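Asker: Take a look at this one; I'll ask things after.
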Amino acid sequence: MDRELLASRFVRVTDPHNSCFVWQMPDAWWSRLYEYEWARQFAHPDAVVLDAACGIEHPLKFYLLDHCRKCYACDLDDRIADGQLMARMSRELYGLDADGFPQRYLDEIDYRVASLTNLPYENDLFDRVFCISTLEHLPDRLNKWPALGMVESVLPLKQDIRDSLLEFKRVLRPGGLIVLTFDFPRVNLEYLRRLVDQLGLQFAGDVDFNLPPDAHHSAEHDLYCFRTVLTDREHPFGQA
């Protein structure tokens, strides 16, 4: 696999991007045209994959079904269990006609209502775990207040980013990859680095936490987009 593809870094305005991913995406999805174009390159026809926190109308799970052996998708939103609602919302968002949403997107994806911190899957199931633009929404005290790390051994702290990464590691097959994007500065990069080390994970490629001058930026939200690829330290990608 290309070394640059595996690099953990900020998304740049010069990176490949496409506003049409399965369908034409809304303009408000400022980072998705970059995130999906990058993430799709980890799909493989022999891979069993999970789209974690997949959303309702978000199209990554549909792309993965069409390009992988088996696709699972989960979300905390219980609307994920209502296929007809998903189809209707997708048709409305993307301006599709009655036949524009294939029935296979309902029938052939294994949908579950689930928390990222308690995934309903067996160990070592997935070749790829995708989680796009979600970690920044998880309640995690040490991400928000790193100084609390001094008392984490004696106080119970909500650490959903940590617990989600542990679950991703648990359901990942040896040699598999965890493909993540998230908003910065809503996720603390040094906290992420510490979690990767503590949880027995490792970055699958080069790592650059420096913010480049050409980083893709949302002026409306004052956010940047960071991408990272993780693998199990004991059973890393390429050495299964």
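Numbering-wise, this note's numbering puts 99 at position 98 of the sequence shown, and it's gapless, one number per residue. Every residue, glycine too, gets a C-beta built ideally from N, C-alpha and C. Note that this is a predicted model, so its numbers are computed, not measured.
1) Can you give the beta carbon distance from Glu38 to Pro17, rounded, assuming they're within the 8 Å contact cut?
2) Taking the beta strand (DSSP E) that Lys71 falls in, what are its first and last residues?
3) Please report the Cβ distance between Ile179 and Val130, rounded to the nearest whole angstrom; I am assuming they are in contact, meaning their Cβ atoms lie under 8 Å.
4) In three-state terms, what does DSSP make of Gln85?
5) Buried or exposed: where does Asp233 fall if 16 or more other Cβ atoms within 10 Å of its Cβ makes it buried?
6) Is the CB-CB distance between Gly84 and Leu107 below 8 Å?
7) What's the C-alpha gap between Val14 and Gln104?
8) Out of Ser32, Thr229, Ala74, which one is the CA nearest neighbour of Val197?
9) Determine, using beta-carbon pairs with one atom in the segment 3–13 and one in the segment 194–209, whether at least three such pairs fall under 8 Å.
10) If Ala53 and Cys75 are in contact, beta carbons under 8 Å, what's the gap, nearest whole angstrom?
Answerer: On the basis of the coordinates in this document:
1) About 5 Å; that satisfies the 8 Å criterion.
2) Note, Lys71: beta strand (DSSP E), 71–76.
3) Between Ile179 and Val130 a beta carbon distance of about 5 Å is seen, short of the 8 Å cut, so the two are scored as contacting.
4) Reduced to three states, the DSSP call for Gln85 is helix.
5) Around the beta-carbon of Asp233, 16 or more other beta-carbon atoms lie within 10 Å, marking it buried.
6) A contact, by the Cβ cut-off of 8 Å.
7) Cα-Cα distance, rounded: 35 Å.
8) When the alpha-carbon of Val197 is set against those of Ser32, Thr229, Ala74, the nearest one is in Thr229.
9) In short, these stretches touch, since the Cβ pair count reaches three.
10) The pair is a contact, with the Cβ atoms about 6 Å apart (cut-off 8 Å).
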